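The sequence shown begins at 1 in UniProt numbering and counts up by one.
C-beta: ideal position from N, C-alpha, C; glycine also.
Nothing here was measured: the structure is a model prediction, and the numbers come from that model.
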Amino acid sequence: MGEIDLVGATKQALRRLATTVCVISSRHEGERFLMAATAVEAMSMDPPSMLVCVNRSASIHAPLAAGADFAINVLSADQEDISRLCGGGAKGEERFACGDWQDGPGGIPLLGGAQANVVCKQDGLFAYGTHTIVIGRVESAIVGDVVDPLVYVDGRYTRVPA
1 MGEIDLVGAT KQALRRLATT VCVISSRHEG ERFLMAATAV EAMSMDPPSM LVCVNRSASI
61 HAPLAAGADF AINVLSADQE DISRLCGGGA KGEERFACGD WQDGPGGIPL LGGAQANVVC
121 KQDGLFAYGT HTIVIGRVES AIVGDVVDPL VYVDGRYTRV PA
């Protein structure tokens, strides 16, 4: 299998990996940043920590590379518009046009109505390929009452059946 075939096959395989959609928010030097992400994972419970994979071409990459703390906002099924805004042509502050955004610790934007908001203090970076793995030590977590996350699979948004 050639390299192009391997990339295509890998992309097709990953379309079968259903993932909860999150948006990563941060504030750096007074400016807010936001990106949609599905490459978000729990890393450890001792200490509680998370990892997020960020493309180096993403606007949020520079603030995170400079040490900015961040929040992982786990989207509810009815917050698809926020993910689409981040994945479309919206840039900078335009990405905050949808949703109920409030300032959390250190001014980090937190999304109201999310499934969860996990506030992280940056605790490490690891460059690999086109991305940087950002490690965050969990500082606080706010959890919603209803479990109804936005899920992305096979190139489309869906929800987990009740």
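Can you give the Cα-Cα distance for residue i and residue j, rounded to whole angstroms?
i           : j           : result
residue 135 : residue 4   : 30 angstroms
residue 149 : residue 67  : 29 angstroms
residue 125 : residue 161 : 36 angstroms
residue 13  : residue 156 : 15 angstroms
residue 32  : residue 24  : 11 angstroms
residue 90  : residue 16  : 27 angstroms
residue 79  : residue 152 : 12 angstroms
residue 37  : residue 114 : 14 angstroms
residue 46  : residue 18  : 27 angstroms
residue 93  : residue 7   : 33 angstroms
residue 144 : residue 75  : 11 angstroms
residue 20  : residue 29  : 30 angstroms
residue 171 : residue 110 : Absent from the structure is residue 171, since the part of the chain shown begins at 1 and ends at 162.
Which two residues bound the contiguous alpha helix (DSSP H) that contains residue i?
i          : result
residue 80 : 80-87
Only counting the same chain, and skipping five residues up and downstream in sequence, which positions put a Cβ closer than 8 angstroms to that of residue i?
i           : result
residue 112 : 99, 100, 101, 102
residue 50  : 40, 41, 42, 43, 72, 118, 120, 135, 136, 138
residue 61  : 54, 55, 132
residue 210 : Lying outside 1 to 162, the shown extent of the chain, residue 210 is not represented and no answer is given.
Which residues mark the beginning and the end of the beta strand (DSSP E) in which residue i is found?
i           : result
residue 109 : 109-112
Starting from the C-beta of residue i, find all residues in its chain whose C-beta is less than 6 angstroms away, skip the five residues before and the five after it, and write them out in chain order.
i           : result
residue 27  : 107, 108
residue 95  : 34, 85, 86
residue 105 : 119
residue 142 : 117
Return the Cβ separation of residue i and residue j in integer angstroms, given the expectation that the two are a contact with Cβ distance under 8 angstroms.
i           : j           : result
residue 63  : residue 138 : Not confirmed; about 19 angstroms, so no contact.
residue 163 : residue 22  : In the structure as shown, the chain begins at 1 and stops at 162. Residue 163 is therefore absent and cannot be evaluated.
residue 42  : residue 52  : Contact doesn't hold; Cβ gap of about 11 angstroms is too wide.
residue 69  : residue 122 : 5 angstroms
residue 159 : residue 58  : That belief does not hold up - the Cβ atoms of residue 159 and residue 58 are roughly 26 angstroms apart, past 8 angstroms.
Closest Cβ-Cβ distance between residue i and chain B: below 7 angstroms?
i           : result
residue 111 : Absent from the structure: chain B. Only one protein chain is present.
Kindly list the residues whose CB is nearer than 7 angstroms to the CB of residue i, restricted to its own chain and excluding five residues on each side of it in sequence; keep chain order.
i          : result
residue 56 : 130, 131, 132
Would you mind listing the beta strand (DSSP E) stretches within the UniProt domain "Flavin reductase like" (14-159) that are 3+ residues and don't spill past its ends, in chain order?
-> 22-28, 31-37, 40-45, 48-55, 70-74, 100-103, 109-112, 116-128, 131-143, 150-153, 156-159
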